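Listed in order, the protein sequences are those of chains A and B.
Residues in the first sequence are numbered consecutively from 1, following this note's numbering.
Residues in the second sequence are numbered consecutively from 1001, following this note's numbering.
All C-beta atoms in this analysis are idealised placements derived from N, C-alpha and C, irrespective of residue type, glycine included.
Remember, predicted model here, so these are calculated numbers, not experimental data.
Structure first, then comments.
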Amino acid sequence: AQKITQTQPGMFVQEKEAVTLDCTYDTSDQSYGLFWYKQPSSGEMIFLIYQGSYDEQNATEGRYSLNFQKARKSANLVISASQLGDSAMYFCAMREPYTGRRALTFGSGTRLQVQP
Amino acid sequence: EAQVTQNPRYLITVTGKKLTVTCSQNMNHEYMSWYRQDPGLGLRQIYYSMNVEVTDKGDVPEGYKVSRKEKRNFPLILESPSPNQTSLYFCASRREATGVTGELFFGEGSRLTVL
C-alpha cells in the first residue's frame, strides 16, 4: 500500500495567488514526522517544512504552511503569494520511527508551475 | 558550510562498466542513505547506514553495493551497471539522535545514464 499519496501530478497557479498541494499518508504509528521538499529544475532537494504528529499547531515557515489534519491523515502544503521561483517539483515525505531503516518515504511528487 | 557532496554530478557509461558514485558529508552525521529518483515514483531508498561499518538494504538494493569505512563517506558502487539503473541518485545524511524530527540533508544529485 502507498505510504504517501500525492494525487496531483501537476498544478498551475497564477503569480501572487495561494496554492495547496495535497498529501495523504498511511501509518499505524502514533509518532511520525511529515516533511515537504522542493526540487527545482536544477535538481537539488530543498527542505521546506516539518510537522510532527504530536504538534498541535500547524507548521509554518515564511510563505509555506502545512495544513495538518491528523484524523484524515493529510498534510497539505500551502504556498501563499506564489512567486515564479516556486515553480518546481514538490515532494511530501514521512518518517516512521520503528521501520528499522528510519528512511523517509516519499510520494511521487507534484509539479507546480507558477504563471505570470 | 554544511553540505553533502556527491561526485560525479553527471555520468554517461556503458553496460557492465563498474562505477562508483562518491558521497561525503561534513556535518558529522551518523546516518547516511542513498536514494534513486525516477519519474512518477518519487525517491526510493537504495541503501542506508546507521554508522561506520553498519549498512543495510533499503527498498531497491538490487545491483548496488555500499560501504561505510569512515563516518563522512558513503560511496555507492554499481558493479555491473545496466540500463535500468539510469536514474537520478541522491545521497543524504542526518543526525541519528534527532529521532523522527531530523530533516535529511541531500546532496545535489548525480544523474547517471547507462547505455
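Boundaries (first-last residue) of the beta strand (DSSP E) holding residue i
i: residue 1050 of chain B; result: 1042-1051
i: residue 1111 of chain B; result: 1110-1114
i: residue 1032 of chain B; result: 1031-1038
i: residue 1056 of chain B; result: 1054-1057
i: residue 33 of chain A; result: 33-39
i: residue 1064 of chain B; result: Premise fails: residue 1064 of chain B is in no beta strand (DSSP E) and is neither H nor E.
i: residue 10 of chain A; result: 10-14
Chain B within 8 Å of residue i, Cβ atoms only
i: residue 44 of chain A; result: yes
i: residue 64 of chain A; result: no
i: residue 50 of chain A; result: yes
i: residue 81 of chain A; result: no
i: residue 10 of chain A; result: no
i: residue 104 of chain A; result: yes
C-beta contact flag for residue i and residue j at 8 Å
i: residue 15 of chain A; j: residue 116 of chain A; result: yes
i: residue 3 of chain A; j: residue 89 of chain A; result: no
i: residue 1087 of chain B; j: residue 1115 of chain B; result: no
i: residue 62 of chain A; j: residue 33 of chain A; result: no
i: residue 87 of chain A; j: residue 23 of chain A; result: no
i: residue 1072 of chain B; j: residue 1031 of chain B; result: no
i: residue 13 of chain A; j: residue 82 of chain A; result: yes
i: residue 91 of chain A; j: residue 39 of chain A; result: yes
i: residue 103 of chain A; j: residue 1058 of chain B; result: yes
i: residue 1033 of chain B; j: residue 1005 of chain B; result: no
i: residue 1102 of chain B; j: residue 1089 of chain B; result: no
i: residue 1105 of chain B; j: residue 1027 of chain B; result: yes
Residue-level contact to chain A via CB, residue i, 8 Å cutoff
i: residue 1043 of chain B; result: yes
i: residue 1063 of chain B; result: no
i: residue 1108 of chain B; result: yes
i: residue 1103 of chain B; result: yes
i: residue 1089 of chain B; result: no
i: residue 1024 of chain B; result: no
i: residue 1162 of chain B; result: Chain B is shown from 1001 up to 1115; residue 1162 of chain B falls before or after that span and cannot be answered.
i: residue 1033 of chain B; result: yes
i: residue 1040 of chain B; result: yes
i: residue 1016 of chain B; result: no
Near the ligand NAP: residue i beta-carbon under 7 Å from a heavy atom
i: residue 92 of chain A; result: Within the structure as shown, the ligand NAP is missing, as the structure has no ligands at all.
message: Would you call the region 1073-1080 of chain B in contact with the region 1053-1065 of chain B, where contact means no fewer than 3 C-beta pairs closer than 8 Å?
response: Segments in contact, yes.
- prompt: Should the region 105-114 of chain A be regarded as contacting the region 4-17 of chain A, the criterion being three or more beta carbon pairs within less than 8 Å?
  reply: yes
message: With three or more beta-carbon pairs closer than 8 Å as the criterion, would you say the region 1045-1059 of chain B touches the region 1005-1020 of chain B?
response: In short, these stretches do not touch, since the Cβ pair count stays below three.
- prompt: What are the complete beta strand (DSSP E) segments, minimum 3 residues, inside the region 1069-1110 of chain B?
  reply: Runs found: 1076-1078, 1087-1094.
- prompt: Hey, is the region 19-39 of chain A in contact with the region 1010-1025 of chain B, meaning 3+ C-beta pairs nearer than 8 Å?
  reply: no
field: Those runs of the beta strand (DSSP E) which lie wholly inside the region 18-86 of chain A and span at least 3 residues
entry: 19-21, 33-39, 46-52, 64-69, 74-79
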